[in-house]
Amino acid sequence: MSNTNIFPPFVARRSFIELSARERAQSLMDSGSWRELVGPFERIESPWLPEQGIAPQSDDGCVVLKGKIAAKPAVVVALEGGFQAGSMGEVSGAKMTATLDLAARDCQNGTTTAAVLLLETGGVRLQEANLGLAAIAEVMASLLALREHAPIITVIAGTVGCFGGMSLVAGLSSYIVMTPEARLGLNGPEVIEQESGVEEFDSSDRPLIWAINGGEQRVGMGVADELVVDDAERIAAAIQRYVKAGFPVVHRSQQVELYRNRIAALDTSKQFDPFSLRESWNNKKKEGVAR
Amino acid sequence: MEQLKFDYPSASRHVTKKAHVGVVGSGDMEILMEPSPTGTAHVSILTSVNGFSSSWKAVLDRFFAKYEGAVRIHINDAGATPGSVMLRLEQAVEVIEQ
Amino acid sequence: MSAQVGLRGRAWFQALTGQNSPMGGDPASVLTADVRLGEDMALYLCVVPNPNARYPCVRRGEVGLEEAYTLARRVRDAVEQDESGRKRPIVAIVDVKSQAYGRREETAAVFLAAAAAADAYASARMKGHPVITLVVGQAISGGFLTHGYQANRILAFDDSGVVIHAMHKEAAARITLRSVADLERLGHEIAPMSYDIRDYAKLGLLHKLLHVENPDSPSPATVALVQWELIAAIADARAGSTDLRNRLDSEGAREMRKAGSAARARMEAEWVTS
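Protein chains in written order, with this note's numbering: chain A, 1 to 291; chain B, 1001 to 1098; chain C, 2001 to 2274.
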């Protein structure tokens, strides 16, 4: 008897979420086609963390692989959610920006190079504050320059999700792929509760968090592109499809009139019902379908 | 924050591979293991938990009692237990000795 | 510290443009005006507090859904109008408390609104519009990423009421379990964490730190000085590239962002296989 007869596909799958950033990045690239750049043995670490008694990581929580996806040149930049919640510091930011810049240069020289960003991140690393924030602004600028030539595919898988300034990076991407476990938002529920009170957002209400920020909701309302089960093979297949598709004619972040009108039509006298946004913004039925 | 260094001159068998294991999460650590440039083993540790120099030495002594590869090891540590340290060292060796 | 975030923004918008109200159809929290600046007609934009905003969580000057999409629309309109002509300067006057911390905002995907505004500013810059940011008060976190941080050149007042940071002090203290006093002390030792604009200036991200008297209510002479500086920054931007390289090539960056530079240099060196 084969495994597929005994174990349901969901159990037999290889969880993407359980993989480290490095393993996730490797799982997306064509086998044997990639190499890691500015890797751990080069020890380009944060100069700011040890001063504050925090252990640095050899790759500053950012993994860069260069190679091929679906036989096309591509780079993957993966943030390690297990290190400082995947937060952006001086070095991790520089690695991400430099990768996008060099990919753009390759595009201009005739080699179209797509970028895949694995965003498992809470945003700015507070221990590097202004250098982290500046790094995010620079990532955004470099992404926009690359976006004119090649698709930028953001993957948010969980468990950290994509929050803070890095959610703007996701918003600028050509495509966003999420798992049901993933969350995407500018402010996490704890921050909203802290700043605006528990009435505004009870951060202990987990169903509420996923109802608003979860993958099924974001895809359902059309601000993310595809919901994929937490399965490394299926996620890789989705990424291959987007790399082959190329960048869209219009990016979501350019659709200002559309979204301005949608915002204007909302009744702000009470909280918005997330489900109703799936209908009004995306004409989808209420259940997001995970591929 | 502490920087610790240990040397094991009897660990002198030539190795060729590198290994990197672990993530520097809270209560965890990463190990970078590669061929030593000097021909004998050296260990450097950067740890955010002070005062455990003798624990580190004990684990490393145990490790190098069984392993004689001439490796340079660097550890970034955010509070891993001695048990996990040994586990990670063994994981790294598995890669090196493949 | 300025008495209330957003008052300086309005004061400077009024001083530089002679105007004080939003363009037709725009929410009261976004002031925009096309006004002569030197040889050019410049588009000025400013986000200000609107106590009567439809969204409760933006009433103290936070950048929210309406603000972000309005900024995006106004910048894109200017870019479209200048498609085949001289690219007008775009001046972002910044005094924003933060991004909006609200459930409505998260539900309606404020991250995308913020991205849309940043996209508009960056696209303008990439098309050759000199985008200049003038930080007159606070420029915090997502608010600054949305409105101001995509500029070619950033100017800021050398004043204790000017704060550029990733998180305002009280919230940062709560999250890192430190006192505000401790955070301030830490900022003196670790420049990127400092709340002092003079320490921010060391990072090499600012084009210029401007010494102005009485920034809460500037004299005509002070306003003229700032206009002169804006004109100089515009000329400098027109003479430079449309990317953000100047932030990496500055003296401050060479001093304070060495690890980042090393990472970039290694990335470039390893990019091409020999």
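Backbone N, C-alpha and C fix where the C-beta goes; we use that ideal spot for every residue, glycine too.
The structure displayed is predicted, hence computed values, not measured ones.
What residues in the stretch 2139-2157 of chain C have a beta carbon less than 8 Å from any beta carbon of chain A?
Ser2141, Gly2142, Phe2144, Leu2145, Thr2146, Tyr2149 and Gln2150
Could you tell me whether the Cβ of Glu226 (chain A) comes closer than 8 Å to any Cβ of chain B?
Residue numbering aside, residue 226 (chain A) sits at position 226 when the first sequence is read from its first letter. For Glu226 (chain A), the answer is no, since every Cβ of chain B falls outside 8 Å of its Cβ.
Output, in chain order, the set of chain C residues within a Cβ distance shorter than 7 Å of Gly185 (chain A).
What you label residue 185 (chain A) is simply residue 185 of the first sequence in a count that begins at 1. Chain C residues near Gly185 (chain A): Glu2106 and Phe2111.
Assuming Met1099 (chain B) is part of the beta strand (DSSP E), what are its boundary residues?
Lying before the first or after the last residue shown, residue 1099 (chain B) is absent from chain B, which here runs from 1001 to 1098.
Which same chain residues end up closer than 8 Å to Leu2177 (chain C) when comparing Cβ atoms and leaving out the 5 residues on each side of it in sequence?
Start at 1 with the first residue of the third sequence, and residue 2177 (chain C) comes out as number 177. Taken in chain order, the list of residues that qualify is empty.
Among C:Pro2089, C:Gly2018 and C:Ala2109, which residue has its Cα nearest to the Cα of Asp2236 (chain C)?
Taking the first residue of the third sequence as 1, we reach residue 2236 (chain C) at position 236. With distances taken between Cα atoms, Asp2236 (chain C) lies closest to C:Pro2089.
Rounded to the nearest angstrom, what separates Arg183 (chain A) and Gly215 (chain A) at their Cα positions?
Numbered from its first residue, the first sequence carries residue 183 (chain A) at position 183. Numbered from its first residue, the first sequence carries residue 215 (chain A) at position 215. Each residue's Cα considered, the two are about 6 Å apart.
Counting only runs of 4+ residues fully inside the stretch 2169-2212 of chain C, write out the alpha helix (DSSP H) ranges in chain order.
2169-2176, 2180-2189 and 2197-2201
Local conformation of Ala2253 (chain C) per DSSP, three classes:
As a first step, residue 2253 (chain C) is located in the third sequence; it is residue number 253 there, counting from the start. The answer is helix: DSSP assigns Ala2253 (chain C) an H, G or I state.
Tell me which residue opens and which closes the alpha helix (DSSP H) that Asp2119 (chain C) is part of.
As a position in the third sequence, residue 2119 (chain C) is number 119, starting the count at 1. Unbroken alpha helix (DSSP H) run through Asp2119 (chain C): Val2110 to Met2126.
Against Glu1094 (chain B), what residues of chain A qualify as contacts under a CB-to-CB distance less than 8 Å, listed in chain order?
Here the question's residue 1094 (chain B) lines up with position 94 in the second sequence. By Cβ distance, chain A contributes nothing, its closest Cβ being about 16 Å from Glu1094 (chain B), past 8 Å.
From the DSSP output, which residues share a beta bridge with Met96 (chain A)?
The sequence position of residue 96 (chain A) within the first sequence is 96, counting from 1. According to DSSP, Met96 (chain A) bridges with nothing at all.
In chain order, what residues of the stretch 1009-1042 of chain B put their CB closer than 7 Å to some CB of chain A?
Lys1018, His1020, Val1023, Val1024, Gly1025, Glu1030, Leu1032 and Glu1034
Below 8 Å on the Cβ atoms is my contact criterion, and I expect Gly1079 (chain B) with Gly1027 (chain B) to pass it. Report the Cβ-Cβ distance as a whole number of Å.
Along the second sequence, read from residue 1 onward, the residue named residue 1079 (chain B) stands at position 79. Along the second sequence, read from residue 1 onward, the residue named residue 1027 (chain B) stands at position 27. That pair is a contact at about 5 Å.
Residues of the stretch 79-105 of chain A in Cβ contact with chain B at a cutoff of 7 Å, in chain order, please.
Glu80, Gly82 and Phe83
Give a yes or no on whether the minimum CB-CB distance between Thr1081 (chain B) and chain A is below 8 Å.
Mapped onto the second sequence, residue 1081 (chain B) falls at position 81. It does not; no Cβ of chain A falls within 8 Å.
Taking Ile153 (chain A) as part of the alpha helix (DSSP H), name the residues at either end of that continuous run.
Along the first sequence, one-based indexing puts residue 153 (chain A) at 153. Where Ile153 (chain A) is concerned, there is no enclosing alpha helix (DSSP H), although the beta strand (DSSP E) it sits in stretches over Ile152 to Ile156.
Please report the straight-line C-alpha distance between Glu2039 (chain C) and Pro2130 (chain C), rounded to a whole angstrom.
What you label residue 2039 (chain C) is simply residue 39 of the third sequence in a count that begins at 1. What you label residue 2130 (chain C) is simply residue 130 of the third sequence in a count that begins at 1. Near 13 Å, if we compare the C-alpha coordinates of Pro2130 (chain C) and Glu2039 (chain C).
Chain A contact residues for Ser1048 (chain B), given Cβ-Cβ distances below 8 Å:
Locating residue 1048 (chain B) in the second sequence gives position 48, where the first residue counts as 1. Within 8 Å Cβ-Cβ: Gly53, Ile54 and Ala55.
Does any CB atom of chain C fall closer than 8 Å to the CB of Gly132 (chain A)?
In the first sequence, residue 132 (chain A) corresponds to position 132, counting from 1. Taking Cβ atoms only, chain C reaches closer than 8 Å to Gly132 (chain A), which makes this a yes.
I want to verify the contact list: residues of chain C whose CB lies under 9 Å from the CB of Met140 (chain A), in sequence order.
Counting from 1 along the first sequence, the entry for residue 140 (chain A) is found at position 140. Under the 9 Å cutoff, chain C gives Ala2115, Ala2118, Asp2119, Ala2122, Leu2145, Tyr2149 and Gln2150.
Bridge partners of Cys62 (chain A), per DSSP?
As a first step, residue 62 (chain A) must be located in the first sequence, where it is residue number 62. In the DSSP output, where bridge partners are listed per residue, Cys62 (chain A) has A:Leu79.
Please identify, using Cβ separations under 7 Å, the residues of the stretch 36-53 of chain A that lie next to chain B, in order along the chain.
Pro40, Phe41, Pro50 and Gly53
Looking at the structure shown, is Ala1041 (chain B) part of a helix, part of a strand, or coil, going by DSSP?
To locate residue 1041 (chain B), count along the second sequence from 1; it is residue 41. Three-state result, Ala1041 (chain B): strand.
Closer than 7 Å between beta carbons: that is the criterion. Which residues of the stretch 1061-1087 of chain B meet it against chain A?
Asn1076, Asp1077 and Ala1078
By DSSP, does Thr2146 (chain C) sit in helix, in strand, or in coil?
Here residue 2146 (chain C) corresponds to residue number 146 of the third sequence, with the count starting at 1. If DSSP states are grouped into helix, strand and coil, Thr2146 (chain C) belongs with the helices.
At what residue ranges does the stretch 2034-2110 of chain C contain a whole run of the beta strand (DSSP E), taking only runs of 3 or more?
2040-2047 and 2090-2096
Met2267 (chain C) (DSSP reduced to helix, strand or coil)
Against the third sequence, residue 2267 (chain C) aligns to sequence position 267. Met2267 (chain C) falls in the helix class under three-state DSSP.
Contacts around Met1 (chain A), its chain only, beta-carbon distance under 8 Å, and the 5 residues preceding and following it disregarded
Taking the first residue of the first sequence as 1, we reach residue 1 (chain A) at position 1. In this prediction, Met1 (chain A) scores a pLDDT of 48, lower than 50, which makes its location untrustworthy; the coordinate-derived value is nonetheless stated afterwards. Hits under 8 Å: none found.
Which residues in chain B sit within 8 Å of Ser276 (chain A), going by Cβ to Cβ distance?
Reading the first sequence from its first residue, position 276 is the one you call residue 276 (chain A). Neighbours of Ser276 (chain A) on chain B: none; closest Cβ ~39 Å, over 8 Å.
For the stretch 2041-2053 of chain C, which residues have a beta carbon sitting closer than 8 Å to at least one beta carbon of chain A?
none
Are the stretch 59-79 of chain A and the stretch 19-35 of chain A in contact at 8 Å, needing three or more beta carbon pairs?
yes
Starting from Ser58 (chain A), find everything on chain B with Cβ-Cβ shorter than 7 Å and list it in chain order.
Locating residue 58 (chain A) in the first sequence gives position 58, where the first residue counts as 1. Chain B residues near Ser58 (chain A): Glu1030, Leu1032 and Asn1076.
Burial state of Leu258 (chain A) (16 or more Cβ within 10 Å)
Locating residue 258 (chain A) in the first sequence gives position 258, where the first residue counts as 1. With fewer than 16 Cβ atoms within 10 Å of its Cβ, Leu258 (chain A) is classed as exposed.
Short Cβ contact (8 Å threshold) for Ala1019 (chain B) with Met1033 (chain B):
Reading the second sequence from its first residue, position 19 is the one you call residue 1019 (chain B). Reading the second sequence from its first residue, position 33 is the one you call residue 1033 (chain B). Cβ atoms of Ala1019 (chain B) and Met1033 (chain B): closer than 8 Å.
Beta carbon proximity, Ala129 (chain A) to chain C, threshold 8 Å:
To locate residue 129 (chain A), count along the first sequence from 1; it is residue 129. Taking Cβ atoms only, chain C reaches closer than 8 Å to Ala129 (chain A), which makes this a yes.
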